[in-house]
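If you're matching them up, the sequences are chains A and B in order. The first sequence finishes on residue 112 if you use the working numbering, and the numbering steps up by one all the way, no holes. The second sequence finishes on residue 1115 if you use the working numbering, and the numbering steps up by one all the way, no holes. Here is the structure we will look at.
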Amino acid sequence: QKEVEQNSGPLSVPEGAIASLNCTYSDRGSQSFFWYRQYSGKSPELIMFIYSNGDKEDGRFTAQLNKASQYVSLLIRDSQPSDSATYLCAVPHLQGAQKLVFGQGTRLTINP
Amino acid sequence: EAGVTQFPSHSVIEKGQTVTLRCDPISGHDNLYWYRRVMGKEIKFLLHFVKESKQDESGMPNNRFLAERTGGTYSTLKVQPAELEDSGVYFCASSQDISGLYGYTFGSGTRLTVV
């Protein structure tokens, strides 16, 4: 089992709808969780991090964490074509918090 | 504030040759990381510097890879001799905070192709 798993997609969502991206992780002791956005040929860009169970909102983005079920999700409301990118879930390694373990990423396409 | 800069952006070399990748972190960031993404796989950790010291090099694939950060500023990653399986995108990242709790800033990567 991979440490961090994501559906690679592609995930297609119509413009204006809610895009839902999911990530599961294997280490029950994981404490923090990151979502990065990566446009094609560009660097991964940190868009959200979450530590506590529940929801964390930042503009059109909401991160949801459920430690009991070991999943973290990212919701994008009012999806825009500019949201089309690969979204990477990352979790610090338990044996070195500075070392991130990434999922494979979900490719999201917002259709106008 | 300038971001994390990597050079070159692309490199195509023949198997057996040597390549050196360079990373300039954000000024003042003591923590510098190297990651790699090979085709079809997830981004994977290679190593972590704190200033000029290697904090964690557990992800380095083998002794053909050598990373340095003399003076605690920019870093180089040398691959010698390069093999076909070394092809991929090499990312550098930096952070001011050592805890790892706030993520870090990535460079745009060096795409290495070994033919």
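By construction, the Cβ of each residue, glycine as well, lies at the ideal position given by its N, Cα and C atoms.
DSSP-derived helix/strand/coil call for residue i
i, result
"GLN8(A)", "As written in the sequence, residue 8(A) is Ser, which differs from the Gln given in the question. The answer is coil: DSSP assigns SER8(A) none of H, G, I, E or B."
"GLU45(A)", "strand"
"LEU108(A)", "strand"
"LEU74(A)", "strand"
"GLY1072(B)", "helix"
"LEU1077(B)", "strand"
8 Å Cβ cutoff, residue i in contact with chain A
i, result
"SER1108(B)", "yes"
"ASP1030(B)", "no"
7 Å Cβ cut-off: residues of chain A touching residue i
i, result
"PHE1045(B)", "LYS99, LEU100"
"HIS1010(B)", "Going along chain A, no residue has its Cβ under 7 Å from HIS1010(B), so there is no contact; the nearest lies around 10 Å."
Heavy atom of the ligand FAD within 7 Å of residue i beta-carbon
i, result
"ILE1043(B)", "As presented, the structure is devoid of all ligands, the ligand FAD included, so that no description of it is given."
Within-8 Å CB hit, residue i to chain B
i, result
"LEU74(A)", "no"
"PHE49(A)", "yes"
"GLN104(A)", "yes"
"PHE34(A)", "yes"
"LEU88(A)", "yes"
Partners in chain A for residue i, counting only beta-carbon separations shorter than 8 Å
i, result
"PHE1091(B)", "SER43, PRO44"
C-beta atoms of residue i and residue j nearer than 8 Å
i, j, result
"THR106(A)", "SER8(A)", "yes"
"SER1044(B)", "TYR1035(B)", "Checking the displayed sequence, the identity of residue 1044(B) turns out to be Lys instead of Ser. Yes, these two residues count as a Cβ contact at 8 Å."
"VAL1012(B)", "THR1076(B)", "no"
"SER26(A)", "PHE49(A)", "no"
"HIS1029(B)", "GLN1096(B)", "yes"
"LEU1047(B)", "CYS1092(B)", "no"
"PRO112(A)", "PRO81(A)", "yes"
"SER1009(B)", "SER1087(B)", "no"
Within chain A, partners of residue i - CB distance below 9 Å
i, result
"ASP1024(B)", "Going along chain A, no residue has its Cβ under 9 Å from ASP1024(B), so there is no contact; the nearest lies around 13 Å."
Runs of beta strand (DSSP E) wholly within the segment 1005–1068 of chain B (minimum 3 residues, chain order): 1005–1007, 1010–1013, 1019–1024, 1031–1037, 1044–1050, 1053–1056, 1065–1068
Could you name each continuous beta strand (DSSP E) segment of 3 residues or more that falls completely within the segment 22–69 of chain A, going from the start of the chain to the end? 33–38, 45–50, 54–58, 61–66
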